[in-house]
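**Student:** Going by the numbering used here, the residue at position 315 of the sequence shown is 424; the numbering climbs one at a time, nothing skipped.
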Amino acid sequence: MKPMNLIAAAALAAAAGAAQAESWDMPMAYAASNYHSEHGVIFADKVRAATGGRIDITVHPGGSLFGGGDIKRAIQTGQVPIGERLMSAHANENALFAWDNLPFIATTYEQNTALWEAAKDKVNEALAEQNLVALYTCPWPGQGFYFKGRVTSSNDIQGVKFRSYNAATAQIAEELGMIPVQVEAAELSQALATGVAEAFISSGSTGYDRKVWEHLDYYYKVNAWLPRNYVMVNKRTWDGLDAGTRAAIQKAADETGAACTAKSAELAGWYFEQLEANGMTVTDAGPRFLAELRAIGDKMQKDWLADAGADGRAILDAYNN
Ligand code: PCA
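1) Going along the chain, which residues of its own chain have a beta-carbon closer than 7 Å to the beta-carbon of A417, five neighbours each way excluded?
2) CB of A458 to nearest heavy atom of ligand 1: below 6 Å?
3) Across the region 356-369 and the region 221-235, are there enough close Cβ pairs to call them in contact, namely three or more that are closer than 8 Å?
4) Given the structure, does W208 come close to ligand 1, in the sense that its CB is under 6 Å from one of the ligand's heavy atoms?
5) Give the straight-line distance between the Cα atoms of L121 and S273, rounded to the nearest whole angstrom.
6) Among G187, P136, E131 and L402, which residue has its Cα nearest to the Cα of G176?
7) Using only the heavy atoms of ligand 2, determine whether one of them is closer than 6 Å to the beta carbon of P336.
8) What residue ranges within the region 162-235 form continuous beta strand (DSSP E) runs of no fewer than 3 residues, ordered along the chain?
9) Can you check whether the CB of A227 is closer than 7 Å to the CB of I424?
10) Identify which residue in Y339, T303, R259 and A377 has its Cα closest to the Cα of S311.
11) Which partner residues does V102 have in the DSSP bridge list?
12) Restricting to Cα atoms, I'd like to know which of A183, P190 and M409 is closest to E284.
13) Going by DSSP, what residue range makes up the alpha helix (DSSP H) through M409?
14) For the 8 Å Cβ check, are there 3 or more pairs between the region 230-249 and the region 290-304?
15) If I follow the unbroken beta strand (DSSP E) through G253, where does it start and stop?
16) Excluding the 5 residues flanking D318 on each side, which residues of the same chain have their C-beta closer than 6 Å to its C-beta?
17) Please name the residue, chosen from G162, S146 and R157, that lies closest to V168 on a Cα-to-Cα basis.
18) Could you name the residues of the same chain whose beta carbon sits closer than 8 Å to that of A159, not counting the 5 residues immediately before and after it, in chain order?
19) Indicate the three-state DSSP secondary structure (helix, strand or coil) for Q359 in the structure shown.
20) In terms of DSSP beta bridges, what is F135 paired with?
21) Just the Cα atoms here: how many angstroms apart are N338 and V242?
22) A118: buried (16+ other C-beta within 10 angstroms of its C-beta) or exposed?
23) So who's on the other strand from S311, going by DSSP bridges?
24) Would you decide whether T278 is buried or exposed? Buried here means 16 or more other CB atoms lie within 10 Å of its CB.
25) Would you decide whether A127 is buried or exposed? Buried here means 16 or more other CB atoms lie within 10 Å of its CB.
26) Can we say the region 246-261 touches the region 323-331, given the rule of at least three CB pairs closer than 8 Å?
27) Whose C-alpha, out of T217, I184, A130 and A394, is nearest the C-alpha of A374?
28) Going by Cα to Cα distance, which pick from E401, A295, R397 and K320 is closest to P170?
29) Where does W379 land, buried or exposed, given buried means 16+ other C-beta within 10 angstroms?
30) Report the three-state DSSP secondary structure of Q267 (helix, strand or coil).
31) Consult DSSP for G378 and reduce its assignment to one of helix, strand or coil.
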C-alpha cells in the first residue's frame, strides 16, 4: 500500500471504531440511593461488560436530567436513548398502562408477577406503538397511606391536600373527599414542608427516601397494589443495534429485573422498620377505612375495564385463570 492509502485505511478504521461505541444517558426519576436507581447502575455495568464497552450507559437518578414526568417523552422522541419511569403515570395515554394499579387485584409480589405475565404482551404492543421497548420492569413495595394524624375513615380526611403520582391515586383522593395534587417523588419533601401536600399514598420505600417522618406521623398499610417502574429504550435505537448487542443487553436487563424485584421484596419490611425507628406509627388500616377503599377499588376496576376494553378483560381473565 502507498503511504497515503495506509493513512486513509487507518482513518477509516478509527472512524468505524468511533461510530461503534455509543454513550447513552439514562435518566431515572427516583433517589440515587433507592434500589431502583442502584439497579440502574448495576444494569449499566452489566451492559458495559457484556458489550465490551460498545454501549456505555450513564445513569442520571433523581430526575436530574429530565424530571420524572418528562422522561418517557424524552426517550420516545430520541432526546435520550434510554430511561426509567413509573408506567402507570402514563395511564392517561393508554388505560393498559394502569394494569398494575387496580386496587386489591394483585397485592403480593407473586400476584404482581402473575398479573404482569398476563399483561405483558399487550403492554409491550402499546409501548411499541409509542416507539418504545421495555427492557426490564421492577416493582415498588405495596402501597399504603401516609397521614399527619390517626385515620379511621374518610370522615377524618375531608379536604386534605393529597399528593398523587398518577390518575389512580388522584381518583382515590377524590373518592375519599381529598384534594389531589400531582407531585413527583423527587419534590415530595418540599411539597410536605410547604403544605402543598399533607398526605399521600406510596410504599415505605419513598417515605424512607424522602424522610417523611419530618412531616407526617402515621403510615397505614393497605397493600393496594405494587406499581412498576420500567427501563425503556427508544425502539428505533434498539432496532438499529445488531442482534448480538441486543441479546447481550436483553440478558443484562433480564438479570437486573429479577435482582431488582428480589431486592424490592427483601426491603419492603425493612422500610417500615426505618419509619418506626424514626418515630412513625406503622399499622394496618382499620376495617372502616379498608371497607371504603375496597368499594373504591371495585369501582376503579369497573372503570378500567370500560376504558381498557377487550384487552383489559383478556388480561384479567388470563390472570384469574
Ligand atoms: N413510590 C413512587 C411510586 C410508587 C412508590 O412506591 C412514588 O411515590 O412516587
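Think of the CB as a built atom: it goes at the ideal place given N, C-alpha and C, for glycine as much as any other residue.
**Tutor:** In short:
1) Numbered from its first residue, the sequence shown carries residue 417 at position 308. Scanning its chain for C-beta atoms nearer than 7 Å, with the 5 sequence neighbours on each side dropped, one finds around A417 the residues A204 and L205, in chain order.
2) Given a span of 110 to 430 for the chain in the structure shown, any question on residue 458 remains unanswerable.
3) Short answer: they don't touch.
4) By one-based count along the sequence shown, residue 208 stands at place 99. In this structure, W208 has its CB at a distance of at least 6 Å from all heavy atoms of ligand 1.
5) Locating residue 121 in the sequence shown gives position 12, counting from the first residue. Locating residue 273 in the sequence shown gives position 164, counting from the first residue. With a pLDDT of only 46 at L121, under 50, the local geometry of the prediction cannot be trusted, and the value read off the model is given with reservation. Taking the straight line from one Cα to the other gives about 54 Å.
6) Mapped onto the sequence shown, residue 176 falls at position 67. Looking at the Cα atoms, P136 is the closest of the given residues.
7) Ligands in the displayed structure: ligand 1; ligand 2 is not one of them.
8) If you keep only unbroken beta strand (DSSP E) runs of at least 3 residues inside the region 162-235, you get 164-169 and 191-195.
9) For the purposes of this step, residue 424 is identified with residue 315 of the sequence shown, where counting begins at 1. For the purposes of this step, residue 227 is identified with residue 118 of the sequence shown, where counting begins at 1. Yes, the Cβ-Cβ distance between I424 and A227 is below 7 Å.
10) Taking the sequence shown and counting its residues from 1, the one referred to as residue 311 is at position 202. The shortest Cα separation from S311 among Y339, T303, R259 and A377 belongs to A377.
11) What the structure shows of the chain is the stretch from 110 to 430, and residue 102 is not part of that stretch, so it cannot be assessed.
12) Position 175 of the sequence shown, counted from the first residue, corresponds to residue 284. The shortest C-alpha separation from E284 is found at M409.
13) To locate residue 409, count along the sequence shown from 1; it is residue 300. Residues P396 to N429.
14) Result no; under three Cβ-Cβ pairs closer than 8 Å.
15) Position 144 of the sequence shown holds residue 253. Counting along the chain, the beta strand (DSSP E) containing G253 begins and ends at G253 to F256.
16) The count along the sequence shown starts at 1 and reaches residue 318 at position 209. If the five residues before and after D318 are omitted, its C-beta is found closer than 6 Å to the C-beta atoms of A140 and N143, all from its own chain and listed in chain order.
17) Locating residue 168 in the sequence shown gives position 59, where the first residue counts as 1. Nearest to V168 by alpha-carbon distance, out of G162, S146 and R157, is S146.
18) As a position in the sequence shown, residue 159 is number 50, starting the count at 1. Same-chain partners within the cutoff: A357, I358, K360 and A361.
19) As a working mapping, residue 359 is identified with position 250 in the sequence shown. Note: Q359 maps to helix in three-state DSSP.
20) As a working mapping, residue 135 is identified with position 26 in the sequence shown. The sequence given here has Met at residue 135, not Phe. Paired residue(s): V168.
21) Walking along the sequence shown from the start, residue 338 turns up at place 229. Walking along the sequence shown from the start, residue 242 turns up at place 133. When rounded, the distance between both Cα atoms is 13 Å.
22) Mapped onto the sequence shown, residue 118 falls at position 9. Low confidence applies to A118: its pLDDT is 47, below 50, so where it sits in the model is not reliable enough to give any reading.
23) Here residue 311 refers to the residue found at position 202 when the sequence shown is read from its first residue. Bridge partners of S311: G253.
24) In the sequence shown, residue 278 corresponds to position 169, counting from 1. By the neighbour-count rule (16 or more Cβ atoms within 10 Å), T278 is buried.
25) Reading the sequence shown from its first residue, position 18 is the one you call residue 127. Below a pLDDT of 50, predicted positions are generally treated as unreliable, and A127, at 43, falls in that range; no measurement from the model is reported.
26) Taking 8 Å as the limit for Cβ pairs, the verdict is that the region 323-331 does touch the region 246-261.
27) Locating residue 374 in the sequence shown gives position 265, counting from the first residue. Nearest C-alpha to A374: T217.
28) Start at 1 with the first residue of the sequence shown, and residue 170 comes out as number 61. Minimum Cα-Cα distance from P170 among the listed residues E401, A295, R397 and K320 corresponds to A295.
29) Here residue 379 corresponds to residue number 270 of the sequence shown, with the count starting at 1. Result: exposed.
30) Mapped onto the sequence shown, residue 267 falls at position 158. Three-state result, Q267: coil.
31) In the sequence shown, the residue the question calls residue 378 occupies position 269. Helix, per DSSP.
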